[in-house]
Each structure stands twice: as C-alpha cells, then as structure tokens.
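In my numbering, the protein residues as written are 1 to 365.
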C-alpha cells in the first residue's frame with residue numbers, strides 16, 4: 001500500500017469517527033429532548049383532562065361530552081387521546097393501532113432508536129356505580145422524530161460533502177508534498193543507469209530540502225569523480241601508447257638495423273665459405289640465417305602489436321589498408337572487402353590507435 005493511500009485512509013477514518021461520534025451525541029441529546037418534550041406535553045394534557053372530567057357529572061349525553069374532551073386534549077402538541085371501553089376496545093379518537101398518529105418520515109430502525117418510553121395517562125370514567133371505560137392520553141413523538149431525522153439527514157449530507165472535500169484536498173496536498181520523493185527516486189534511477197548529471201529541485205517541503213541538497217552534492221561528487229576517472233584513464237592510455245610508440249621506435253630504429261647488418265655479414269661469410277669450400281661453416285651460417293629470419297619475424301610481429309609504424313607514417317586509413325592487405329595475402333580463401341567513409345585525418349592519436357586495435361582484434365578473431 002502506498003504512503004499516500006495509507007495517510008488518506010487514516011485521515012478519512014479519523015473524519016468518519018468524528019462524524020459518527022457527533023451523530024451519536026446528537027441522537028442521545030435528541031432522545032433526551034424528545035423524552036422531556038413528551039413528558040411535558042403529557043403533563044399538560046393530563047392537567048386539561050383532570051380539569052375537564054368534573055363536567056361529565058352534569059352532562060346528559062356522556063358520549064358527546066367525552067368526544068369533546070378527547071378533541072380538546074388532542075389539540076395539545078405531541079399528544080393523542082382516545083376513549084376505550086372496559087375491555088380495552090377503542091371507541092372514540094383512536095387511529096387504527098399504529099405507534100404514532102402521524103408516522104414519521106424516517107426509517108424503522110431510527111424510529112425504534114428515537115422512540116421514548118411510553119408516557120400515558122389513563123382515567124376511569126364512571127357515573128354513580130357504573131363504569132363506562134377509560135380516557136387515555138399518550139405522548140405522540142412523531143413530529144419530534146421527523147425533525148430529528150431531517151437534522152440527521154442534513155448532518156449526513158454535510159458530513160459526506162465535507163468528507164469528500166477534505167479527502168480531496170488531503171490527497172492533492174499529499175500528491176504535491178510527496179512529489180519531491182518521486183523526483184528523488186527518478187534521479188536515483190538515472191544515477192543507477194550512469195547518468196551522473198541527474199539533479200533534483202530543492203523546492204517542496206522544508207523537511208525534504210536537506211535530503212535534496214545532499215543528493216545534489218552526492219551527484220556532483222560522482223560526476224566529478226567519473227570525469228576525473230575518465231581523464232585518468234585517458235591519460236593512462238595516452239601514456240601507454242606513448243611507451244608503446246617509443247618501444248616500437250627503438251625496436252625499429254635499433255634492433256631492425258642490427259638484424260639487417262647480421263644478415264649482410266652472414267651473406268658475406270656464406271660467400272667466403274662457399275669459395276673456400278668450408279661446408280661446416282656454410283651449414284652454421286645457414287642455421288644462423290634461419291634464426292635471424294625468425295628474430296626478424298618476431299620483431300615485425302612485436303612492432304605490429306606495439307605500434308604499427310604505418311599508423312605514424314601513413315595515417316589510420318593506410319594503416320588499416322596495409323593490415324587488411326596482409327590478411328588477404330595470408331588468407332586468400334576468404335573474400336575480403338572493405339570501405340572507408342569520411343576523413344580520418346585530425347583524429348586524436350588515442351582514438352586512431354583504439355580504432356586500429358579494434359579492427360586488428362576483429363580480424364584476428
């Protein structure tokens with residue numbers, strides 16, 4: 001799980017917990033308020049009922065008088081009243097056995113959650129020794145429950161709106177705040193691939209700035225070190241080629257003439273031996289000539305490996321042609337073709353030697 005998502009989930013859970021806690025305390029306060037309102041309304045209706053009951057003694061039509069009393073009590077807010085017989089059957093003012101007169105516009109679970117304990121008052125109606133039934137007054141919290149549910153709906157919608165807005169703002173802030181870390185990761189990847197010019201911006205969060213500065217310093221040091229290593233390698237190669245060139249020049253200028261002089265002297269000795277008929281000397285001379293030829297061949301190979309003289313005398317193109325001609329003479333069964341494009345003059349000496357060595361290694365292999 002990414003750090004952005006983890007932080008976003010944590011903040012979202014905190015916000016949700018706060019909204020749930022606020023809703024819980026709001027419901028608890030609403031339940032207490034509804035209960036208090038129901039108790040107050042019931043107490044008021046009870047007083048009205050008690051004051052109205054004595055009038056039943058002087059009424060000729062008991063049913064009509066009870067109906068008037070029930071209607072007067074029912075006009076009290078949050079109250080419903082009815083008259084029932086001695087068996088509990090409603091006779092006047094009862095609404096078909098639903099929990100509330102006006103069912104609240106709320107889910108059943110919320111109605112059950114908000115419904116206070118039943119607050120009811122029952123008074124037996126008698127005339128003389130005869131009992132006619134009960135006048136019942138009961139609290140009706142439907143209006144209060146509907147009002148609380150509407151407040152809860154408003155709170156829920158506002159909570160969802162603010163949760164969405166806050167989560168979006170937090171995500172955007174995290175995306176912007178963590179962008180330097182992504183840039184740092186990309187720069188590290190470039191360093192890993194050998195791009196030592198990779199740098200990161202020193203903007204963003206203040207806490208990340210020391211890391212960015214140290215990374216850029218590290219990249220500068222690596223870049224400088226690699227440049228110094230390349231320069232050192234170039235200097236070493238130049239020095240090596242200079243030593244090769246000097247050694248090849250000494251072999252060419254010193255050893256080669258000596259070998260040539262030996263061959264001249266051997267030819268003269270061989271001529272004298274033939275004239276004086278000295279077969280032993282002639283045989284020794286032939287042996288020395290073979291050894292000398294072998295040494296000359298070794299010297300030529302050493303010169304070719306150390307530093308081809310044609311490279312200094314004729315240039316890169318002619319040195320390559322000379323080498324390829326030699327290979328074609330030695331390997332006539334192979335179809336040799338080559339072509340040179342561009343001007344090789346003016347190339348650095350190290351580059352010319354490197355190209356020559358690459359071609360030499362390719363043809364040898």
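Glycine residues also receive a C-beta, built at the ideal position from the N, C-alpha and C atoms.
Here the structure is a predicted model, which is why all the values come from computation and not from measurement.
Please name the residue, chosen from the options, that lies closest to residue i on a Cα-to-Cα basis.
i: residue 21; options: 6, 86, 297 and 159; result: 159
i: residue 170; options: 322, 12, 37 and 161; result: 12
i: residue 107; options: 246, 150 and 202; result: 150
i: residue 132; options: 87, 172 and 200; result: 87
i: residue 194; options: 80, 226, 276 and 9; result: 226
i: residue 313; options: 249, 188, 218 and 330; result: 249
i: residue 242; options: 349, 109 and 300; result: 349
i: residue 359; options: 322, 334 and 228; result: 322
At the level of alpha carbons, what is the spacing between residue i and residue j?
i: residue 351; j: residue 238; result: 10 Å
i: residue 222; j: residue 196; result: 7 Å
i: residue 209; j: residue 179; result: 13 Å
i: residue 97; j: residue 82; result: For residue 97, the pLDDT reaches just 46, beneath the cut-off of 50, and the residue's location in the model is therefore unreliable, although a value from the coordinates is still provided. Cα to Cα, residue 97 sits roughly 11 Å from residue 82.
i: residue 167; j: residue 39; result: 43 Å
i: residue 184; j: residue 205; result: 13 Å
i: residue 27; j: residue 111; result: 11 Å
i: residue 336; j: residue 298; result: 26 Å
i: residue 42; j: residue 135; result: 13 Å
i: residue 100; j: residue 156; result: Since pLDDT at residue 100 reaches only 40, below the 50 mark, its modelled position is unreliable, and the value read off the structure follows with that caveat. Going by the C-alpha atoms only, they are around 25 Å apart.
i: residue 216; j: residue 362; result: 42 Å
i: residue 388; j: residue 296; result: For the chain, the structure presents residues 1 to 365; residue 388 sits outside this window and is missing.
i: residue 328; j: residue 240; result: 30 Å
i: residue 36; j: residue 29; result: 11 Å
i: residue 235; j: residue 278; result: 58 Å
i: residue 181; j: residue 192; result: 16 Å
i: residue 245; j: residue 326; result: 21 Å
i: residue 270; j: residue 300; result: 25 Å
i: residue 139; j: residue 154; result: 26 Å
i: residue 287; j: residue 268; result: 15 Å
i: residue 334; j: residue 228; result: 44 Å
i: residue 17; j: residue 9; result: 12 Å
i: residue 109; j: residue 25; result: 17 Å
i: residue 220; j: residue 294; result: 56 Å
Who are the Cβ neighbours of residue i in its own chain at under 7 Å, not counting the five residues just before and after it?
i: residue 175; result: 4
i: residue 15; result: 163 and 166
i: residue 319; result: 308, 310, 311 and 356
i: residue 338; result: 324
i: residue 273; result: 281, 282 and 285
i: residue 368; result: With the chain running from 1 to 365 in the structure shown, residue 368 is simply not present.
Who are the near neighbours of residue i in its chain, counting only those whose CB is closer than 8 Å to its CB and skipping five residues on each side?
i: residue 34; result: 114, 116, 141, 144, 145 and 148
i: residue 7; result: 170 and 174
i: residue 177; result: 204 and 205
Residue i and residue j: beta carbons closer than 8 Å?
i: residue 315; j: residue 354; result: no
i: residue 252; j: residue 324; result: no
i: residue 255; j: residue 292; result: no
i: residue 347; j: residue 306; result: no
i: residue 224; j: residue 213; result: no
i: residue 152; j: residue 23; result: yes
Got a sec? Which residues, its chain only, sit under 6 Å from residue i by beta carbon, not counting five neighbours each side?
i: residue 340; result: 317
i: residue 190; result: 198
i: residue 19; result: 159
i: residue 289; result: 266
i: residue 32; result: none
i: residue 187; result: 198 and 200
Quick one: does the C-beta of residue i sit closer than 7 Å to a heavy atom of the ligand MG?
i: residue 174; result: With respect to the ligand MG, the structure shown offers nothing to examine, as it has no ligands at all.
*Could you tell me whether the stretch 261 to 269 touches the stretch 198 to 214, where touching means 3 or more Cβ pairs closer than 8 Å?*
Verdict: no, contact absent.
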